Amino acid sequence: MDVLQLFVSGLANGCVYGLIALGFVLIYKATEAVNFAQGDFMMLGAFITLGLTNEQFWGLPFWVSVPIAIVLMGIFGYLLDMIVLRRMFGQSQVAVVILTIALGFVLRFIAGLIWGHQPISLESPIAGQDVRFGGLVLGLDEVSIIIVTVLLTVALYFYFNNTKLGVAMQAASQNQLAAYYMGIPVKRVHSLIWALAGAVAAVAGILFASKGSIDPSIGLLGIKAFAAAVIGGFGSLPGALLGGIIVGLIEPFASYYIAAGYSQVMPYLLLFLILVFRPHGILAQVHRKKV
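Shown next as structure tokens:
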């Protein structure tokens, strides 16, 4: 029974990592940029929901706050690309990486300035609720995280492969000039991808906040999510989820069977091994570009 509890807990945490990793992959697939502020997007989405929901702030119903927070984070992602990142066009990828790292520091500072640095709990109707299966007691928040993550991953996978806009996004990522000549508005597509990544990060933040208290430092979970994205395969949406689940499961089992300190280092040890023996990840998607 302990093993099952560890499995479900690790699976729920892994799904949160997977959702953040999805944001990494979405942006990389479309723009070949790496957004190291993706974890901070998640943190900001969680705090926006908290600010809208908790009684000491706006006090809106939880189910009203959730779509508002998702839309606001989508708008934030769109405006970020349109106002800031477009000005980086032609710059090296290293410059974009440094910009997003700096953005992460700024977002954590702003969140701390508004909501403080002490842990705060989101007033969520699914927090503290249990679901029982025989002798197994599962948190409703953990079950919700797993279900929402799977549904969102499937929806995004079909969106990218079966809709005109999704195919246009993939075309823009593989050859921007050819996509432009085919009539695809490449700049607008990039902005929409950043909007989608912001919305997905908001979902991850809401689910994570429903599990317990949050503070601005949770944005640093993006580092583990980046490791998860690389482990799963950086260009693969299912790979992002798979990598997140693997990282999430490694942590509790390493802590339980080895020692508590090993839970933090094991994901990075696995990342090291993956980079050595399978550099493109478990579900590698390598595309050759014509030049």
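Quick note: the sequence shown uses the working numbering, first residue 1, plus one each step. Backbone N, C-alpha and C define an ideal beta-carbon position, used for all residues, glycine too. Computed from a predicted structure; not experimentally measured.
Coil, strand or helix - F36 by DSSP: coil
Top-ranked residue by Cα proximity to F158, from F105, L237 and Q129: L237
Whole-number beta carbon distance between G45 and G244, since they are thought to touch under 8 Å: Not confirmed; about 17 Å, so no contact.
A172 to I282 span [Cα, whole Å]: 25 Å
Coil, strand or helix - D215 by DSSP: coil
Terminal residues of the alpha helix (DSSP H) in which G10 lies: D2 to T31
Same chain, Cβ closer than 6 Å to F47, neighbours up to 5 away in sequence not counted: Within the same chain, and ignoring the five residues on either side of F47 in sequence, the residues whose Cβ sits closer than 6 Å to its Cβ are A111 and W115.
Own chain residues within Cβ distance below 7 Å of M88, not counting five before or after: Within the same chain, A95, V96 and L99 come within 7 Å of M88 by CB-CB distance, once the 5 residues on both sides are set aside.
Exposure of M182, with buried meaning 16 or more beta-carbon neighbours within 10 Å: exposed
G235 versus V25: straight-line alpha-carbon distance, rounded: 6 Å
Contact under 8 Å by Cβ, G314 with L221: Residue 314 is absent from the model: the chain starts at 1 and stops at 291.
F76 versus D130: straight-line alpha-carbon distance, rounded: 34 Å
Buried/exposed call for K224, threshold 16 Cβ in 10 Å: buried
C-alpha distance - V148 paired with S9, whole-angstrom precision: 15 Å
Reduced DSSP secondary structure (H/G/I, E/B, other) of I120: strand
Between the CA atoms of L11 and I231 - distance to the nearest angstrom: The straight-line gap from Cα to Cα measures roughly 16 Å.
Minimum C-alpha distance to L151 - residue among D2, V3, L22 and Q5: Distances from the CA of L151 to each of D2, V3, L22 and Q5 were compared; the closest alpha carbon is that of L22.
Closest Cα partner of I214 within the set V16, P119, K187 and A254: P119
Nearest candidate by alpha-carbon position, reference A69, set T49, F62, L79 and Q56: Nearest in C-alpha terms to A69, of all of T49, F62, L79 and Q56, is T49.
For L165, the residue or residues it bridges with in DSSP: For L165, which the question treats as bridged, DSSP gives no partner whatsoever.
Residue closest to A102, alpha-carbon to alpha-carbon, out of H117, V84 and G90: V84
Contact check, L140 vs I126, beta carbons under 8 Å: The answer is yes: Cβ separation under 8 Å.
Closest residue to E32 among V265, M169 and F253 (Cα-Cα distance): M169
Inter-residue spacing [alpha-carbon to alpha-carbon] between N162 and V154: 12 Å
Closest Cα partner of F109 within the set L156, S217, L165 and A30: S217
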